[in-house]
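Q:
Numbering (the numbering used here), first residue to last: 72 to 320.
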């Protein structure tokens, strides 16, 4: 069996999209592990339906950056807007490309997204939960926080978003666990984590707000937050790194 895929850079968080919609979890994980073994900088794998606007992640989770990459794929790097079905999310999401070529996607926040427990604030999106921390970052620390909160097993994906501010620059250091494929990355960028951080900061201000957040990749992801009704959108650059690669299983 041969599968083809392309690799994208959505501002960090290098993403591979396989050119076939696959739902079988065992096959998804096999392809995921194969692609990651061949491409060590790839942090996540998605499967796209060539015949419709649909994205399925390898672990069945929601991924904001992969959603933006899928929008780039479907719109062929041209301005426009689509409604896309994404794993982990009940309703279709809006995503598109602006006139300045930035690629954006709606983020699927729960109606009451905040959970405060054991001294931590968790922001709940459909398909992923993000814990916000103002402490210094660390991979072991992040894993222990997720374990303490039961998030290693209770949700499809969970992360700890370490945020810091240096003068006017907001920085994000994201660590993300995906349960069903057992990957744990200190990601080079995280769209859903950026969305969660933006919502957390806007909520502290008690008003709608826009933030430009620096990722570990040294690139910027923009987040626009409206509190009532709750709407959060992520935008940033997407570029294709390699096209039409193949693997044989």
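Even for Gly, the Cβ is constructed at its ideal location relative to N, Cα and C.
1) When DSSP builds the beta bridges, which residues end up paired with residue 191?
2) Bridge partners of residue 245, per DSSP?
3) For residue 265, does the count of other Cβ atoms within 10 angstroms reach 16, so buried, or fall short, so exposed?
4) On the DSSP letters alone, give me the boundaries of the beta strand (DSSP E) that residue 128 sits inside.
5) Do you know how far the Cα of residue 163 is from the Cα of residue 203?
6) Three or more beta-carbon pairs under 8 Å between the stretch 81-90 and the stretch 259-278, yes or no?
7) Tell me the start and end of each unbroken beta strand (DSSP E) in the stretch 267-305 that is at least 3 residues and wholly inside, in chain order.
8) Given a cut-off of 7 Å, decide if residue 92 and residue 120 are closer than it, judged by their beta-carbon atoms.
9) Look up residue 114 in the DSSP assignment and give the residues it is bridged to.
10) Indicate whether at least one CB of chain D lies closer than 7 Å to the CB of residue 85.
11) Can you give me the C-alpha to C-alpha distance between residue 233 and residue 243, rounded to a whole angstrom?
12) Tell me where the alpha helix (DSSP H) around residue 151 begins and ends.
13) Within a Cβ cutoff of 7 Å, which residues of the same chain sit near residue 130, ignoring the five residues on either side of it in sequence?
A: This is what the structure gives:
1) In the chain shown, the residue the question calls residue 191 occupies position 120. 188.
2) If you number the chain shown from 1, residue 245 lands on position 174. DSSP lists 232 as partners of residue 245.
3) Looking up residue 265 in the chain shown gives position 194. So residue 265 counts as buried.
4) Counted from its first residue, the chain shown places residue 128 at position 57. Residues 125-128.
5) Along the chain shown, read from residue 1 onward, the residue named residue 203 stands at position 132. Along the chain shown, read from residue 1 onward, the residue named residue 163 stands at position 92. Approximately 26 Å between the Cα atoms of the pair.
6) yes
7) 280-285 and 291-297
8) Counting from one through the chain shown, the residue named residue 120 turns up at place 49. Counting from one through the chain shown, the residue named residue 92 turns up at place 21. Against a cut-off of 7 Å, the Cβ pair of residue 92 and residue 120 comes out as a contact.
9) Position 43 of the chain shown, counting from 1, holds the residue named residue 114. Note: residue 114 sits in no beta bridge, so no partner.
10) No chain D is part of this structure, which consists of one protein chain only.
11) Along the chain shown, read from residue 1 onward, the residue named residue 233 stands at position 162. Along the chain shown, read from residue 1 onward, the residue named residue 243 stands at position 172. Cα to Cα, residue 233 sits roughly 6 Å from residue 243.
12) By 1-based counting over the chain shown, the position of residue 151 is 80. That residue, residue 151, is in no alpha helix (DSSP H); its beta strand (DSSP E) goes 151-157.
13) Translated into positions along the chain shown, residue 130 becomes position 59. So the list reads 227, 228, 249, 250, 251 and 252, once near-sequence residues are dropped.
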